[in-house]
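For what it's worth, full-length UniProt numbering labels the leading residue of the sequence shown as 1, then goes sequentially.
Cβ atoms here follow ideal geometry from the backbone N, Cα and C, with glycine treated the same way.
Reviewing the structure listed below.
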Amino acid sequence: MAKKKIKEESTPTVVTEESLAFFEKYINNPSPTGFEWEGQRMWLDYLKPYVDDTYIDNYGTAVGIINPKATYKVVIEAHADEISWFVNYISKDGLIYVIRNGGSDHQIAPSKRVNIHTDKGIVKAVFGWPAIHTRAGEKEEAPTLKNIFLDCGCTSKEEVEELGIHVGCVVTYEDEFMVLNNRYYVGRALDNRAGGFMIAEVARLLKENKQKLPFGLYIVNSVQEEIGLRGAEMIAQYIKPNVAIVTDVTHDTNTPMINKITQGDLACGKGPVVSYAPAVQINLNRQLIEVANKNNIPIQRQASSRYTGTDTDAFAYSNGGVPSALISLPLRYMHTTVEMVHKDDVDNVIKLIYEVLLSIEKDQDFRTFSK
């Protein structure tokens, strides 16, 4: 007798085909720290139908605003910039040496293809590395900032410069977005353009569901997080929010060579991560968890010690103290070209931010006591 096939229950997804197409385009567009403008323009163009007003500051942080005249202001925020390299030295033989722009990992560089951004356009190059045959019998030399180099097919410094390459040109990897096993989104710069995508999707849901908020909502895509939370510092002083909810990525610790004792136990596919840290305001965090439980949104927990290392810290300690919380997206292989996030986690981060916004009351006071 044949076994009866059980129909699997499917959970409605938040991310639509149209929004996924934007996500792919957005991830593939380079936005290195300090040079984020093309990605910011793309992001704002996607966001504009869902907001009442927009703002861009002098360094490129982009903001969409709902209810701009409201005095009580809530921020949902992510950062737009990706790690990259700067051209630092061009040898007489036409080889190019680099320094970091953000936390770029020198160990993954050898044999990677890159784009060198110049005023004349993109110049293709590769990170060269000595063939294994030439290293035989000798002690292996690991990749370091002192020995990794770019080869753009030139044989002299003059030929390199004729292509428009000079000291200070920014360099990004060319790897692009894909969906792996119909389960993971994979690509470079998911840290943290996945966050920018998710907060834009929150704005879309608010618009499509005709939700009216009793406060002003500022959807913020900050620049220059990777070199010290600089964009968030600047925009926090400009907006002067009453509440800030930040989203960024955090480590999936269930892959080899990661110590759970020091890094915690977090996994892709098990839900958004709620953080505990001095910068995370206790009552806002409690409300976040209550909302997750009420709406059957799975969450994970992370202790972040002295600081979160995200834009949460910049907002929390601005303007005399802003109640702030962090909702993180678990990610594998951070600061590589194959960063991975689970589709379900992306949906659930969007849902959680959306539901938390609906739970915030007009002029809500998050202090534990006031007198």
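Open item on the list: To the nearest angstrom, how far is the alpha carbon of GLU355 from that of GLY102?
Closed with: The alpha-carbon atoms of GLU355 and GLY102 are separated by roughly 33 Å.
Task: Contact under 9 Å by Cβ, ASN88 with ILE99 - done: Their beta carbons are under 9 Å apart, which means ASN88 touches ILE99 by this criterion.
TODO: Please work out which residues of its chain come closer than 8 Å, Cβ to Cβ, to GLY121, disregarding the five sequence neighbours upstream and downstream, and give them in chain order.
DONE: Within the same chain, and ignoring the five residues on either side of GLY121 in sequence, the residues whose Cβ sits closer than 8 Å to its Cβ are GLY164.
- [ ] Enumerate in chain order the residues of its own chain whose CB-to-CB distance from residue 381 is below 6 Å, with the five nearest sequence positions on each side excluded.
- [x] Residue numbering for the chain in the displayed model covers 1 to 371; residue 381 lies beyond these limits and cannot be assessed.
Task: Contact set for ILE297: own chain, Cβ-Cβ below 6 Å, skip 5 residues either direction - done: Excluding sequence neighbours, ILE297 sits near ASN348, LYS351 and LEU352.
TODO: Using a Cβ cut-off of 9 Å (strictly closer), state whether PRO323 contacts chain D.
DONE: The displayed structure is made up of one protein chain only, and chain D is not part of it.
TODO: Flag this pair as touching only if the stretch 202 to 218 and the stretch 287 to 307 have three or more C-beta atom pairs under 8 Å; answer yes or no.
DONE: No, the stretch 202 to 218 is not in contact with the stretch 287 to 307.
Task: CYS169 versus THR310 - alpha carbon distance - done: Their backbone Cα atoms lie some 26 Å apart in a straight line.
- [ ] Starting from the C-beta of GLY128, find all residues in its chain whose C-beta is less than 7 Å away, skip the five residues before and the five after it, and write them out in chain order.
- [x] Same-chain partners within the cutoff: PHE149 and ASP151.
TODO: In the DSSP assignment, find the unbroken beta strand (DSSP E) run with ASP191 in it and report its ends.
DONE: Per DSSP, ASP191 belongs to no beta strand (DSSP E); it is in the alpha helix (DSSP H), 190 to 208.
- [ ] Would you mind listing the alpha helix (DSSP H) stretches within the stretch 303 to 368 that are 4+ residues and don't spill past its ends, in chain order?
- [x] Within the stretch 303 to 368, the complete alpha helix (DSSP H) runs of at least 4 residues are 311 to 316 and 343 to 359.
TODO: Report yes if the C-beta distance between TYR307 and PHE197 is below 9 Å; otherwise report no.
DONE: With contacts defined as CB atoms closer than 9 Å, TYR307 and PHE197 fail to qualify as a contacting pair.
Task: Beta-bridge pairing of PRO32 - partner residues as DSSP gives them - done: DSSP output for PRO32 lists GLU82 as bridge partner(s).
Task: Length of the line joining the Cα atoms of GLU24 and MET178 - done: Distance from the CA atom of GLU24 to the CA atom of MET178, rounded to whole angstroms, is 8 Å.
Open item on the list: Quick check on this structure: which residue in SER304, LYS371, THR33 and PHE215 has the alpha carbon closest to the alpha carbon of THR71?
Closed with: Nearest of SER304, LYS371, THR33 and PHE215 to THR71, Cα basis: PHE215.
Open item on the list: Cutting at 6 Å between CB atoms, please list the residues of its own chain near LEU284, excluding the five before and the five after it.
Closed with: These residues qualify, in order along the chain: PRO323, ALA325 and PHE366.
TODO: In angstroms with no decimal places, state the Cα-to-Cα distance between ILE219 and ASN181.
DONE: Cα to Cα, ILE219 sits roughly 31 Å from ASN181.
Task: Run of the beta strand (DSSP E) containing ALA70, from where it starts to where it stops - done: ALA70 -> no beta strand (DSSP E), and no H or E assigned at all.
Task: C-alpha gap between LEU357 and LYS343, whole angstroms - done: Roughly 22 Å between the two C-alpha positions.
Task: Alpha-carbon spacing of ASN192 relative to GLU226, whole angstroms - done: Their Cα atoms are separated by approximately 10 Å.
TODO: Report back the beta-carbon spacing between GLY60 and VAL223 to the nearest angstrom; my notes put them in contact at under 8 Å.
DONE: That belief holds up - the Cβ atoms of GLY60 and VAL223 are roughly 5 Å apart, short of 8 Å.
Task: Whole-angstrom C-beta distance between ALA277 and SER305, which should lie under 8 Å - done: The pair is a contact, with the Cβ atoms about 7 Å apart (cut-off 8 Å).
Task: ILE258 vs GLU77 beta-carbon contact at 9 Å - done: Taking 9 Å as the cut-off, the Cβ atoms of ILE258 and GLU77 do not count as close.
- [ ] Run through the stretch 35 to 65 for me and flag every whole alpha helix (DSSP H) of 4 or more residues, listed as ranges in chain order.
- [x] Correct list: 37 to 47.
Task: Helix, strand or coil at ARG301 [DSSP, three-state] - done: Strand, per DSSP.
- [ ] Run the CB neighbour count on PHE22, radius 10 Å, all protein chains shown included, and call it buried at 16 or more, exposed below.
- [x] In summary, PHE22 is buried, with 16 or more beta-carbon neighbours lying within 10 Å of its beta-carbon over all protein chains present.
Task: Cα-Cα separation between GLY39 and SER31, rounded to whole angstroms - done: Distance from the CA of GLY39 to the CA of SER31, rounded to the nearest whole angstrom, comes to 6 Å.
Task: DSSP-derived helix/strand/coil call for GLY216 - done: Strand, per DSSP.
Open item on the list: Let's see if you can read the secondary structure: which residues bound the alpha helix (DSSP H) around VAL291?
Closed with: In the DSSP annotation of this structure, the continuous segment of the alpha helix (DSSP H) that includes VAL291 starts and ends at 282 to 294.
TODO: Give the secondary structure of ILE165 by DSSP, where H, G and I count as helix, E and B as strand, and everything else as coil.
DONE: If DSSP states are grouped into helix, strand and coil, ILE165 belongs with coil.
Task: Coarse secondary structure for THR262, derived from DSSP in three states - done: In the displayed model, THR262 falls within a helix according to three-state DSSP.
Task: DSSP-derived helix/strand/coil call for GLU176 - done: In the three-state DSSP reduction, GLU176 falls in the coil class, being neither helix nor strand.
Open item on the list: Given this structure, state the Cα-to-Cα distance separating GLU233 from ASP57, to the nearest angstrom.
Closed with: CA-CA distance, GLU233 to ASP57, rounds to 12 Å.
Task: Selected residue, minimal CA-CA separation from THR33, among ALA194, ASP252 and PHE86 - done: Of the candidates ALA194, ASP252 and PHE86, the one whose C-alpha sits nearest the C-alpha of THR33 is PHE86.
Task: Per DSSP, cross-strand counterpart(s) of GLU77 - done: Note: GLU77 sits in a beta bridge opposite VAL220 and VAL246.
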